[in-house]
Amino acid sequence: MKYPAAITWLVVLLFGVTPSVFIGCQSDSEPQTRFSGVDKYSQAIGEKIPEKEIVLMIDHARLAQEQGVDMPASQVTIYNDPKVNTPLLKHSPLIGLDLPFRILVYSDEMQGQTANVLYASADFLRKRHGLDASVSLDEYTQAFTTPLKKLPPDVVSVVDGKGVTLEYGINYLSSPFLLEETIERLKNSIMAEGDTLWFSTINYDEDAKSIGDELPKMKLLLFGGPAAGGAAMAKFPKLGLDAFCQKILVYETEKDGVKVAYNDIVLLAELHYGKSIKPHHVINKRLSTTFKQALELADK
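If you're matching positions, the sequence shown starts at 1 in UniProt numbering and goes up one per residue.
Next comes the structure, spelled out in structure tokens:
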């Protein structure tokens, strides 16, 4: 997929998904010394992914910069393949928090002299979701091979399974509402915060239908607050892979009704860096309160 030299980082809509807007801005006049390395690798990745598979690309750093927050250059590409997703989601809907596929390109320092590439390994997926050896993750791994094949191997690394336990860093809520009302309430509460962008909604069960398969109802909601996220990622750029943008998985179960699952930012920071900082705890608390209020579960 070829991107023009002057890019407004637009979301590429997939499977009729309507919600997403811009995700950062690059203009002809903008000095590229800080962003050029990350831009180059992100473009190379995007060119190797079929256009119909790309859900969106988020430029964390430029979005944060628009809000007056500086962080190293960072962009994540999110792309989708129901033929790979659907069999995995049959084992556990919680795998939906780690799908669709994501590749992060980031710099560790503000000057942007180096660019690194990161994605979650099959080992991470297997340990976080308790997938035994009978579950093949070959197609999951293959989904990263083509987009990354023209990048220097020494810049590419993975989030492996070290330190990952079953359902590591996953928080849960039960909803007293039906799935669609749960989603509407969550979205309304999130957007009422006033500093949040809504990026996209991934409809996993509709994706399954598109390939002649079937899943229980489950949707992944993608959103983020560029200012708060930028501050949280400034010294922890790997969080741009899994903690940001933020994700909520809403799914139906046979016995327990509608469930809501989302990532714990503090635990993901500790997984990647062995530590966390106050902004991670603040965002964790804010998310928990917002979601509970949306579902009328906040402490009275």
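C-beta atoms are modelled at their ideal positions from N, C-alpha and C, and glycine is treated no differently.
**Request:** Check whether the Cβ atoms of residue 209 and residue 164 lie closer than 8 angstroms to each other.
**Result:** no
**Request:** Please work out which residues of its chain come closer than 6 angstroms, Cβ to Cβ, to residue 76, disregarding the five sequence neighbours upstream and downstream, and give them in chain order.
**Result:** 58, 102, 104 and 240
**Request:** Taking 8 angstroms as the cut-off, decide whether the C-beta atoms of residue 273 and residue 171 are in contact.
**Result:** No.
**Request:** Identify, in the order they occur along the chain, each residue of the same chain with its Cβ nearer than 8 angstroms to the Cβ of residue 227, setting aside the five sequence neighbours on each side.
**Result:** 64, 67, 68, 69 and 195
**Request:** Specify, as a first and last residue, the run of the alpha helix (DSSP H) that residue 190 falls within.
**Result:** 179-191
**Item:** Segments of 4+ residues assigned as alpha helix (DSSP H) that fall wholly inside the UniProt domain "DUF302" (202-264)
**Value:** 204-210, 226-233 and 239-242
**Prompt:** When burial is assigned at 16 or more other CB atoms within 10 Å of the CB, is residue 82 buried or exposed?
**Reply:** buried
**Request:** Return the CA-CA distance between residue 46 and residue 147, expressed in angstroms with no decimal places.
**Result:** 7 angstroms
**Asked** From residue 217 to residue 33, what does the alpha carbon distance come to, in whole angstroms?
**Response** Using only the alpha carbons, I get a separation of about 45 angstroms.
**Item:** Residue(s) in a DSSP beta bridge with residue 102
**Value:** 78
**Prompt:** Would you say residue 230 and residue 60 are within 8 angstroms of each other, going by their C-beta atoms?
**Reply:** Cβ atoms of residue 230 and residue 60: closer than 8 angstroms.
**Asked** Would you call the CB atoms of residue 55 and residue 117 closer than 8 angstroms?
**Response** no
**Prompt:** Mapping DSSP to helix, strand and coil, what is residue 144?
**Reply:** helix
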